[in-house]
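Engineer: Numbering (the numbering used here), first residue to last: 3 to 310.
Could you have a look at this structure, given as structure tokens, before my questions?
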Ligand SMILES: [Mn+2]
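In structure tokens, the structure reads:
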């Protein structure tokens with residue numbers, strides 16, 4: 003029998019790591035040999051959650067061994083897949099992003115417009131009536147709360163809310179306290195360099211004929227990041243050149259105030275931002291009230307403008 007390697011996207015966020023761990027549990031209980039891996043260094047929020055719940059960090063994904071196939075969780079875009087992946091080995095996708103990847107043969111695929119991949123894994127547990135351990139229920143709740151910013155992101159659906167409540171019958175956590183601790187860990191800059199700030203939640207996208215990088219830093223303390231704005235903008239400019247990007251953007255999302263500052267590194271970015279968004283333009287930045295989701299409120303709008 004082949005072994006299923008389960009892995010989330012590069013620059014992994016909490017949902018990407020947790021959905022792999024929970025999928026390992028789910029598919030093992032369904033009788034497959036499954037192992038969760040990660041496609042990069044985990045962030046401080048994810049480290050906090052796994053430590054608190056006593057769960058081991060998955061090992062780094064690498065070249066596949068003979069007889070191994072891959073389940074992609076929380077992504078299906080080529081630019082986000084771990085290095086060294088043989089695309090013919092993709093056998094499953096579980097995701098909540100737009101479809102992008104082409105596979106060489108038919109695969110198992112479950113994609114829904116839902117707040118997190120963790121929500122989707124929880125849904126499959128309940129549909130298949132597979133028993134969920136307390137730890138897995140707690141992990142899945144953390145994944146949902148992280149990706150939906152405690153159910154406030156516009157990506158949040160009714161399923162996220164109802165499955166979160168259903169999971170807590172088993173998980174038994176104090177959600178408000180847990181979320182406050184998670185967001186504190188997410189906002190911590192301990193051990194984080196300026197390069198880390200832009201890399202930790204960073205994705206590249208094809209928009210029309212343009213390659214565009216969009217980094218995000220979600221925080222309850224935007225001032226701690228804004229202090230380093232000049233250095234961050236320089237690091238973004240370096241990345242733009244190194245990766246031959248047409249545009250690079252960065253958002254500092256204020257989780258509590260529900261807005262973001264869009265950092266604008268140069269004239270091209272300023273012009274595009276003026277065309278696409280209606281926020282107040284400041285010094286190399288634009289304030290976007292109500293904008294917290296890269297997936298719903300930044301990327302589609304930029305893509306539309308750059309595809310004309
Ligand atoms: Mn996700």
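All residues carry an ideal CB built from backbone N, CA and C; glycine is no exception.
Of the residues 49, 74, 24, 303, which one's Cα is nearest the Cα of residue 202?
Structural biologist: For this step, residue 202 is matched to residue 200 along the chain shown. Answer by Cα proximity: 49.
Engineer: So, does the stretch 32 to 44 touch the stretch 138 to 153, judging by three or more C-beta pairs under 8 Å?
Structural biologist: The stretch 32 to 44 vs the stretch 138 to 153: no contact.
Engineer: Over the uninterrupted beta strand (DSSP E) stretch that includes residue 57, give me the two end residues.
Structural biologist: Indexing the chain shown from 1 puts residue 57 at position 55. Note, residue 57: premise wrong, no beta strand (DSSP E); not H, not E.
Engineer: Keeping to the same chain, check which residues put their C-beta closer than 7 Å to that of residue 114; ignore five residues upstream and five downstream.
Structural biologist: Position 112 of the chain shown holds residue 114. Closer than 7 Å at Cβ, skipping near neighbours: 98, 122.
Engineer: For residue 216 versus residue 296, is the C-beta spacing smaller than 8 Å?
Structural biologist: Translated into positions along the chain shown, residue 216 becomes position 214. Translated into positions along the chain shown, residue 296 becomes position 294. Yes, the pair counts as a contact, with Cβ atoms nearer than the cut-off.
Engineer: Where residue 240 and residue 83 are concerned, what is the direct C-alpha to C-alpha distance, given to the nearest angstrom?
Structural biologist: Counted from its first residue, the chain shown places residue 240 at position 238. Counted from its first residue, the chain shown places residue 83 at position 81. Roughly 23 Å between the two C-alpha positions.
Engineer: Using only the alpha-carbon positions, how far apart do residue 312 and residue 214 sit?
Structural biologist: What the structure shows of the chain is the stretch from 3 to 310, and residue 312 is not part of that stretch, so it cannot be assessed.
Engineer: Is any heavy atom of ligand 1 found at a distance shorter than 7 Å from the C-beta of residue 118?
Structural biologist: Here the question's residue 118 lines up with position 116 in the chain shown. Checking the Cβ of residue 118 against ligand 1 gives yes.
Engineer: Given 8 Å as the limit, is there contact between the stretch 54 to 72 and the stretch 155 to 175, that is, 3 or more CB pairs closer than that?
Structural biologist: The stretch 54 to 72 vs the stretch 155 to 175: no contact.
Engineer: Evaluate contact between the stretch 255 to 267 and the stretch 281 to 299, counting only Cβ atoms and requiring at least three cross-stretch pairs below 8 Å.
Structural biologist: yes
Engineer: Where do the N-terminal and C-terminal ends of the beta strand (DSSP E) with residue 213 fall, by residue?
Structural biologist: Translated into the one-based positions of the chain shown, residue 213 becomes position 211. Residues 212 to 221.
Engineer: Could you spell out where the beta strand (DSSP E) holding residue 289 opens and where it closes?
Structural biologist: In the chain shown, counting from the first residue as 1, residue 289 sits at position 287. Per DSSP, residue 289 belongs to the beta strand (DSSP E) from 287 to 291.
Engineer: Short of 8 Å in beta carbon distance, which residues of its chain neighbour residue 234, apart from the five on each side in sequence? Order them along the chain.
Structural biologist: Position 232 of the chain shown, counted from the start, is the residue given in the question as residue 234. Here the set comprises 196, 199, 200, 227, 252, 265.
Engineer: Closer than 7 Å: is that where the CB of residue 155 sits relative to any heavy atom of ligand 1?
Structural biologist: If you number the chain shown from 1, residue 155 lands on position 153. No, Cβ of residue 155 sits at least 7 Å from all heavy atoms of ligand 1.
Engineer: Closest to residue 249 by CA distance: which of 305, 81, 221 is it?
Structural biologist: Position 247 of the chain shown, counting from 1, holds the residue named residue 249. Per the Cα distances, 305.
Engineer: Just the C-alpha distance for residue 289 and residue 308, rounded to the nearest angstrom, thanks.
Structural biologist: Taking the first residue of the chain shown as position 1, residue 289 is located at position 287. Taking the first residue of the chain shown as position 1, residue 308 is located at position 306. The C-alpha of residue 289 lies about 21 Å from the C-alpha of residue 308.
Engineer: Using only alpha-carbon positions, find the residue among 193, 286, 274, 220 that is nearest to residue 238.
Structural biologist: For the purposes of this step, residue 238 is identified with residue 236 of the chain shown, where counting begins at 1. Nearest of 193, 286, 274, 220 to residue 238, Cα basis: 286.
Engineer: Ordered along the chain, which non-local residues of its own chain (more than five positions away) have a Cβ less than 7 Å from that of residue 301?
Structural biologist: Working through the chain shown from its first residue, we reach residue 301 at position 299. Only 207, 216 meet the Cβ criterion.
Engineer: Based on DSSP bridge pairs, tell me the residues matched to residue 296.
Structural biologist: On the chain shown, residue 296 is found 294 positions in, with the first residue counted as 1. In the DSSP output, where bridge partners are listed per residue, residue 296 has none listed.
Engineer: Thinking just about the alpha-carbon of each residue, which of 204, 189, 168 is nearest to the one in residue 245?
Structural biologist: The sequence position of residue 245 within the chain shown is 243, counting from 1. If we check each option's Cα against that of residue 245, 204 comes out closest.
Engineer: Taking the C-alpha atoms as reference points, what is the distance between residue 277 and residue 247?
Structural biologist: As a working note, residue 277 is residue 275 in the chain shown. As a working note, residue 247 is residue 245 in the chain shown. The straight-line gap from Cα to Cα measures roughly 19 Å.
Engineer: Taking the alpha-carbon positions, what's the residue 232 to residue 218 distance?
Structural biologist: For the purposes of this step, residue 232 is taken as the residue at position 230 of the chain shown. For the purposes of this step, residue 218 is taken as the residue at position 216 of the chain shown. Approximately 16 Å between the Cα atoms of the pair.
Engineer: To the nearest angstrom, how far is the alpha carbon of residue 124 from that of residue 92?
Structural biologist: Looking up residue 124 in the chain shown gives position 122. Looking up residue 92 in the chain shown gives position 90. When rounded, the distance between both Cα atoms is 22 Å.
Engineer: How would you label residue 169, buried or exposed, when you count the other beta carbons within 10 angstroms and need 16 or more for buried?
Structural biologist: In the chain shown, counting from the first residue as 1, residue 169 sits at position 167. With 16 or more Cβ atoms within 10 Å of its Cβ, residue 169 is classed as buried.
Engineer: Could you tell me which of 152, 11, 173, 254 sits nearest to residue 81, measuring between CA atoms?
Structural biologist: The count along the chain shown starts at 1 and reaches residue 81 at position 79. Comparing Cα positions, the closest option is 11.
Engineer: When every heavy atom of ligand 1 is checked, does at least one fall within less than 7 Å of the C-beta of residue 149?
Structural biologist: As a first step, residue 149 is located in the chain shown; it is residue number 147 there, counting from the start. True, at least one ligand heavy atom lies under 7 Å from that Cβ.
Engineer: Report yes or no: is there a C-beta of chain C within less than 8 Å of the C-beta of residue 125?
Structural biologist: The chain labelled as chain C is not found in the depicted structure, where only one protein chain is given.
Engineer: According to DSSP, is residue 284 part of a helix, a strand, or is it coil?
Structural biologist: As a working mapping, residue 284 is identified with position 282 in the chain shown. Of the three classes helix, strand and coil, the one that applies to residue 284 here is strand, per DSSP.
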